[in-house]
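With this note's numbering applied, the sequence shown covers 683 to 1082. Beta carbons: idealized from backbone N, C-alpha and C, even for Gly. Here's the structure we're looking at; comments come further down.
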Amino acid sequence: MTRFSTRAILAATRSPEVNQVPSAIPIYQAAAFSTGDAAELGDVLTGARPGYAYSRIDNPTTAALGDAVADLEGAEAGLAFASGMAAIHAAILSTVRAGQTIVATQAVYGTTRDLLVRVLAGLGIATEFVDPTDLAAVDAALVRAGAPVLYVETISNPTLVVSDIAALAAAAHRRGALLLVDNTFASPYACRPIERGADLVMHSATKYLSGHADALAGVVVGGRERVDALRPILVDAGGALAPLAAFLVLRGLPTLALRMERHSESALELATWLQDQDNVERVYYPGLPGDPGHAVAVRQLDVFGGMLAFELSGGRDAGRAFLDAMRIAERTASLGAVRTITTHPPSTTHRQLDSAALAASGIAPGLLRCSVGLEDVEDLREDFERGLVAARAAEGAGSA
Ligand SMILES: Cc1ncc(COP(=O)(O)O)c(C=O)c1O
């Protein structure tokens, strides 16, 4: 008979036998999985037989998320990571070596830019930034750099530049490069870049895939061999996703279609309305017929998405006043959630850029970015009206 502490440990770690299929994927909240004997552990660790040994290497809940997103993206395989940035980092590192140069879109998420110019540059991986809508410039950069990778975002953060994935995949492949696409803004409901020739697709699953702003996660999908090449980076660098976070993102996926439809409908309505407001200089939304990305968006996106941006005529002060007047929208930097989020990129997500780099990325000082949520759109319009009134007052005060 074992003693109390031993009994307590054995009693609390005896896994129940479940012969039926649960209606939700269980959270395998375990650091490790024990085996029947040493040979089995050795086989699992070396991949000689399927199974789980240690959750940094593999975990059933996080594996289920990688598989599910691969399915939605039309990819052979997927791998989940602790965050979107861990996913992007692994995807890039699996495709470049020191001494090589990446060609990347100049309209890129601020932290991805930092990863390229701060972290990877320090490891001897250079980046040349290009306008992804200028195919001649992309081709010239690929040739000049002898680049192994072309990196773009389906819809860019924060200026909603739409990249023509099919054209860019052809351009990259013609020069022997791979196309890596961050599909966070579009989500696989709006666009599936693999179907258009992309080689690896990354997500900040923190955003639309999860949808509820309660988990950080990232996913990379692609062909099986390419995704397998990411495993050593996941295992050795340690960007493994927590099982609870994987569960939360999995819970978001069944409603992704419904959410994206509603996000897109409301965003189009607000974008159309914003165009007619007198202190709004420009609206960026691929669903607007006048948007430079509209033609590509019509071809490539099933819905135009929930992200929009606009420039206020009053510049930085007007942008700040607009934000401060919001009562429904949250003032924060994330996106893709049930609740509307507005942000001022020059003072948040892109604060690390100086004026010249901001201008090069097409970001005006009065630019606001909005992730349109699932609230009643009339309430959102009233919130925006409040913001515009405050922005006008700030503009008037500034010019007085
Ligand atoms: C387009 C895009 N890619 C990647 C990321 C990074 O994702 P995470 O915050 O999950 O690391 C973000 C975050 O805002 C993003 O907007």
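Next on the checklist: I'd like the ranges of any alpha helix (DSSP H) spanning at least 4 consecutive residues and lying wholly in the segment 697-738.
Outcome noted: For the segment 697-738, whole alpha helix (DSSP H) runs of length 4 or above, ordered along the chain, are 720-728.
Checklist entry - Hey, P925 and I739: beta-carbon distance below 9 Å or not? => result With a cutoff of 9 Å on beta-carbon distance, P925 and I739 are scored as not near each other.
Item to check | Neighbour-count burial assignment, L832, 16 or more Cβ in a 10 Å radius | outcome: A residue is called buried when at least 16 other Cβ atoms come within 10 angstroms of its Cβ; L832 meets this threshold and is buried.
Checklist entry - Out of curiosity, what's the CA-to-CA distance linking R800 and S869? => result The alpha-carbon of R800 is positioned some 27 Å away from that of S869.
Item to check | Per DSSP, the bridge partner or partners of V785 | outcome: Looking at the DSSP output, V785 sits in a beta bridge with E810 and L832.
Checklist entry - S1029: buried (16+ other C-beta within 10 angstroms of its C-beta) or exposed? => result S1029 is classed as exposed because its beta carbon has fewer than 16 other beta carbons within 10 Å across all chains shown.
Next on the checklist: Quick check: is any heavy atom of ligand 1 less than 8 Å from the C-beta of G791?
Outcome noted: The question names Gly, but residue 791 is Tyr in the sequence shown. Yes, the Cβ of Y791 comes within 8 Å of a heavy atom of ligand 1.
Next on the checklist: On the CB-based measure, 16 or more other CB atoms within 10 Å of its CB, does R906 come out buried or exposed?
Outcome noted: Answer is exposed; the Cβ neighbour count stays below 16.
Item to check | Nearest residue (CA-CA) to F992, options S1016, L761, L1017 and T1024 | outcome: Shortest Cα-Cα distance from F992 to any of S1016, L761, L1017 and T1024 involves T1024.
Item to check | Nearest neighbour of L956, chosen from G748, L692 and L1070 [CA to CA] | outcome: Nearest neighbour of L956 by Cα position, chosen from G748, L692 and L1070, turns out to be L1070.
Checklist entry - What three-state label does DSSP hand H885 in the structure shown? => result Strand.
Next on the checklist: Taking its Cβ as the centre, do 16 or more other Cβ atoms sit within 10 Å of R826, making it buried, or is it exposed?
Outcome noted: By the Cβ neighbour-count rule, R826 is exposed, with fewer than 16 other Cβ atoms within 10 Å of its own.
Checklist entry - Under 9 Å between the Cβ atoms of A786 and T794? => result Yes, they are a contact pair.
Item to check | Cβ pair A750, G760 closer than 9 Å | outcome: Going by C-beta atoms, A750 is nearer than 9 Å to G760.
Checklist entry - What did DSSP end up calling E951 once you bin it into helix, strand or coil? => result It is helical.
Checklist entry - For I770, is the beta carbon positioned less than 8 Å from some heavy atom of ligand 1? => result When distances are taken from the beta-carbon of I770 to the heavy atoms of ligand 1, the shortest one is below 8 Å.
Checklist entry - Which one of A808, R874, A928 and G828 has the shortest CA to CA distance from S845? => result If you compare the alpha carbons of A808, R874, A928 and G828 with that of S845, the shortest gap goes to R874.
Next on the checklist: For a minimum of 4 consecutive residues, which ranges assigned as the alpha helix (DSSP H) are wholly contained in the segment 978-1012?
Outcome noted: Within the segment 978-1012, the complete alpha helix (DSSP H) runs of at least 4 residues are 997-1007.
Item to check | Same chain, Cβ closer than 6 Å to A854, five either side skipped, listed in chain order | outcome: Within the same chain, A854 has close Cβ partners L832 and L861.
Checklist entry - Is I837 helix, strand or coil when you go by DSSP? => result Looking at I837 - three-state DSSP - the assignment turns out to be strand.
Checklist entry - Where A953 and A713 are concerned, what is the direct C-alpha to C-alpha distance, given to the nearest angstrom? => result Distance between A953 and A713, taken at the CA atoms: about 46 Å.
Checklist entry - For the candidate residues Q782, Y736 and A979, whose alpha-carbon lies nearest to that of A922? => result Ranking the options by Cα distance to A922, first place goes to Y736.
Checklist entry - How many whole angstroms separate the CB atoms of F666 and G900, which I take to be in contact at a CB cut-off of 8 Å? => result Absent from the model: residue 666. The displayed extent of the chain is 683 to 1082, so no value can be given.
Checklist entry - How is A762 classed by DSSP in three states: helix, strand or coil? => result Strand, per DSSP.
Item to check | Nearest to Y734 (by Cα), restricted to the options G748, T717, L747 and A721 | outcome: For the residues G748, T717, L747 and A721, the minimum Cα distance to Y734 belongs to T717.
Next on the checklist: So for I915, helix, strand or coil by DSSP?
Outcome noted: It is helical.
Checklist entry - By Cβ distance below 6 Å, which residues in the same chain neighbour E951 in space, the five residues on each side in sequence not counted? => result Closer than 6 Å at the Cβ level, and outside the excluded window around E951, lie V1059.
Item to check | Start and end residues, beta strand (DSSP E) containing S1037 | outcome: In the DSSP assignment, S1037 falls outside any beta strand (DSSP E) and within the unbroken alpha helix (DSSP H) covering S1037 to A1042.
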